[in-house]
Every structure is written in structure tokens, then in C-alpha cells.
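S.K.: Pasting in a structure now, in C-alpha cells, and then I'll have a few things to ask.
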Amino acid sequence: MLQNHYSNNRQRVSHPRCRSLDNLCYTAFALLQHKKHTVTCQSQLNRKRTVTARKRFGLSVALATPFNRDGSIDFIRLGEHATASIEGGCDSITVFGTTGEGASIGAGERGQILDHIGRTAIRPGQVVACIAATAIDDAAWQCREALDFGCKALLLPPPFYFKGVSDDGVFGWYAGLLEKIGPDARDAILYNIPSVTSVTVSQDVLARLRAAFGGVISGVKDSGGDWKYTEGLLDAHGDIAILVGDERHLAAAVRRGGQGAISGIANLFPAEMRGLAIDGRDDPRIRALVELVLHYPVVPAIKVLMAHMSGHAGWSRVRAPLVDADASADTLVKSLQAIMAQNAA
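Residue numbering for the sequence shown follows numbering that gives the first Met the number 0, beginning at 0 and increasing consecutively.
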């Protein structure tokens with residue numbers, strides 16, 4: 000039954016050469032459907048920026064990236080999985096994120112992934128693009144590529160190479176990036192994941208960026224696992240999309256005003272994750288599953304479970320420096336089966 004999530008596949012609906020026209024049509028439709036309002040955003044250049052009233056964010060799958068035996072991206076399987084994720088209950092897909100091994104995806108490959116997604120029935124406005132660069136010029140280039148595609152939002156991790164940086168340094172990097180993008184900057188979601196970046200996006204940095212760039216900052220993805228930090232975001236910045244990456248805290252955050260999630264577990268169970276992300280309904284099975292994968296390198300563990308559920312062993316492949324978790328596959332699968340045999344709350 001769960002394997003049906005991976006078996007669905009739609010016919011291609013557009014050729015990549017038609018993507019610009021598709022994007023234009025989608026943008027025109029969106030403008031007709033949403034009421035616009037103008038927000039004055041005081042940036043370092045004192046520009047005025049126009050932003051569009053936003054709907055609830057919902058559930059986005061932090062899309063895993065499948066690889067062939069030679070290490071190249073399996074674009075066909077990627078498109079099938081992205082489509083199945085939307086059909087299975089996700090409102091959008093997030094590409095190049097942590098679960099998608101975005102830091103191991105080359106610059107040319109990023110464009111190829113967007114190109115192949117553009118051939119599916121998924122609209123550009125259902126795609127969130129994560130940025131994986133520490134040089135402002137490189138990050139701005141990735142942002143422009145995603146914006147030209149028509150992405151729903153940009154997911155922006157902090158600069159992650161230098162450690163022990165100050166809030167002033169983190170603010171300066173984000174501000175420099177947004178100024179580099181220019182007046183097209185929009186829908187920026189700050190990404191707090193200190194376990195990976197060793198940098199915490201503090202609430203002070205968030206407040207300063209909102210003061211400087213106004214409606215350009217549309218939300219925060221909090222994958223820090225610190226409930227007090229999450230509560231602080233909800234209390235002080237509940238008017239923007241507070242998204243929770245730690246699924247153990249997701250339902251509680253949604254009940255307090257959170258707008259959804261960008262979730263790695265949604266690669267496995269999009270329908271079950273929707274109950275947490277949309278309805279704020281706890282599911283002890285999801286909590287137990289998160290606890291399970293946290294005992295292993297998370298991305299390889301998730302991909303081993305995807306290989307089991309899809310019946311395609313290739314899903315377990317990861318790119319260096321990650322190492323596959325095939326040696327732990329039997330234990331992971333047996334634990335998953337025991338967890339999902341439980342009744343939901």
C-alpha cells in the first residue's frame with residue numbers, strides 16, 4: 000500500500016523550451032488569483048519593494064536526490080518521485096536541501112534538475128529551491144536561477160564555512176546576498192540548521208533582516224530541534240511562515256500558529272506528515288521514526304528506507320562525503336515495520 004506512493008508517474012506536459020511560456024502563464028494566473036499589496040521595505044539602498052499576499056505554506060517534501068551507479072543523478076526517478084510526492088499529499092517540493100544532498104549537487108546539475116522538474120506536471124510555484132553556497136556571488140547566482148525558473152521560495156542557509164561568526168557577520172552576509180539579488184528578491188526563507196552549518200540564525204538577525212528588507216523575508220525553516228527557540232519564533236514572528244524541520248515538534252508548532260514544514264520524512268510518508276503539518280495532529284509513529292533515523296547518519300538512513308519502500312535499491316545511494324547505510328538496512332527496515340504497525344494517535 001505504501002509502495003503506491005512511488006509507483007505513480009505522470010506524462011510529461013511541457014518541453015523545456017516551453018518552460019518560459021509555462022512560467023509566464025503560471026505567473027499571470029497567480030497574479031489574477033491573489034490580491035496584491037505593497038509593503039515598504041527599508042533596505043540599505045532605501046528601495047521600495049512590492050510583495051504579494053501569501054497563503055499558508057503547507058507541507059513541502061525535502062526531496063531526496065536519486066543517483067545512478069556511476070554517481071550521476073537519476074533524473075527520471077527524481078521526476079517520478081517529485082510527482083508522487085505532490086500526488087501523495089505534499090503542497091510543494093524543496094530541492095537542493097539537506098535531505099537532497101544539495102551541497103553535493105554541482106552548479107550545472109542544479110539547472111538540469113530544475114529543467115527536468117519543468118517537464119513534469121509540477122508547477123514552478125510548487126518548487127522551493129535551497130541555496131548551497133558561501134560566496135555571496137555564487138549564492139546570488141543560485142537564487143537568480145531559481146527565481147528565473149519561477150520558484151515558490153528561496154531557502155537560505157547561513158554562511159557555513161567559517162565557524163564562530165558573530166550575529167553582525169551573519170546579518171551582513173544575508174543582507175549582502177539580498178542586495179546582490181536586487182529588486183527581484185522575494186520569498187526568502189531563512190534556514191536554521193546549526194547541526195549542519197554550525198551557525199545559529201538568531202532571532203536578532205531575523206528581526207534585523209525583517210526591519211531592513213520587510214516582506215522579502217517570508218519565513219524561517221527551523222531544524223534546530225530546540226523547542227524554546229521555536230516558541231520564540233512563533234511568539235515574535237508568527238506573522239511570517241514559521242516552518243519546523245524537526246518533525247517531533249511540528250504538530251505542537253502548528254497548533255501555536257506554525258504554517259507547516261519542509262520535511263525529510265515526507266519522502267516516506269507524505270499523507271501521514273500532512274496530518275502534522277496541516278492539522279497539528281500528533282502521530283507517535285512519526286516521532287518514533289524520527290528517533291530511529293537520528294541514531295544513524297540521517298540522510299543515508301532515510302534513503303535506505305526509501306529503497307525498501309519503493310523496491311528500488313538504487314535509492315540507498317548517496318554522494319561522498321556521505322556513506323550509504325546499506326549495512327544497517329535490515330535493522331532499519333525491521334524497526335520501521337514495527338513502528339508503522341502501531342496505531343496513530
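Glycine included, C-beta positions come from ideal geometry on N, C-alpha and C.
What does the alpha-carbon distance come out to for the pair residue 153 and residue 123?
M.R.: Taking the straight line from one Cα to the other gives about 12 Å.
S.K.: Less than 8 Å between the CB atoms is what I'm expecting for residue 303 and residue 334, so what's the real figure, rounded?
M.R.: Wrong, their Cβ atoms sit about 11 Å apart, outside the cutoff.
S.K.: How long is the line joining the alpha carbons of residue 270 and residue 226, rounded to whole angstroms?
M.R.: Each residue's alpha carbon lies about 24 Å from the other.
S.K.: Looking at the C-beta of residue 292, does it have a partner C-beta in chain B at a distance below 8 Å?
M.R.: Structure shown: chain B not included; a single protein chain is present.
S.K.: Look at the alpha carbon of residue 22 and the alpha carbon of residue 322, and state the distance between them as a whole number of angstroms.
M.R.: Note that residue 22 has pLDDT 46, beneath the 50 cutoff, so the model's placement of it is unreliable and no number is given.
S.K.: Given this structure, state the Cα-to-Cα distance separating residue 248 from residue 224, to the nearest angstrom.
M.R.: Rounded to the nearest angstrom, the two C-alpha atoms are 8 Å apart.
S.K.: Looking at residue 222 and residue 245, is the spacing between their C-beta atoms short of 8 Å?
M.R.: Yes, Cβ-Cβ distance for residue 245 and residue 222 is below 8 Å.
S.K.: Is residue 52 helix, strand or coil when you go by DSSP?
M.R.: Annotation note: pLDDT 45 at residue 52 (below 50); position unreliable, no value reported.
S.K.: Applying the criterion that 16 or more other CB atoms from any shown protein chain within 10 Å of the CB defines a buried residue, is residue 353 buried or exposed?
M.R.: As shown, the chain starts at 0 and ends at 344. That puts residue 353 outside it, with no answer to give.
S.K.: Quick one, are the C-beta atoms of residue 239 and residue 233 less than 8 Å apart?
M.R.: For residue 239 and residue 233, no; Cβs fall outside 8 Å.
S.K.: Inspect the beta-carbon positions of residue 215 and residue 189 and report whether they are closer than 8 Å.
M.R.: Cβ distance not < 8 Å, so residue 215 and residue 189 don't count as in contact.
S.K.: By DSSP, does residue 220 sit in helix, in strand, or in coil?
M.R.: Correct three-state label for residue 220: strand.
S.K.: Check whether the stretch 153-165 and the stretch 107-122 touch, using three or more Cβ-Cβ pairs below 8 Å as the test.
M.R.: With a cut-off of 8 Å, the stretch 107-122 and the stretch 153-165 do not count as touching, because too few Cβ pairs lie within range.
S.K.: Closest to residue 200 by CA distance: which of 168, 178 and 210 is it?
M.R.: Considering only alpha carbons, the answer is 168.
S.K.: Can you tell which of 71, 62, 165 and 111 has the C-alpha that lies nearest to the C-alpha of residue 129?
M.R.: When each option's Cα is compared against that of residue 129, the closest is 62.
S.K.: Report all residues from its chain with a CB closer than 6 Å to the CB of residue 77; omit the five preceding and five following residues, and keep chain order.
M.R.: 65, listed in sequence order.
S.K.: Enumerate, from N- to C-terminal direction, the unbroken alpha helix (DSSP H) stretches of 4 or more residues contained entirely within the stretch 275-318.
M.R.: List check, alpha helix (DSSP H) in window: 283-292 and 297-309.
S.K.: My assumption, with CB atoms under 8 Å, is that residue 299 sits in contact with residue 324. Please give the rounded CB distance.
M.R.: Indeed, because the Cβ distance is near 4 Å, the residues count as touching under 8 Å.
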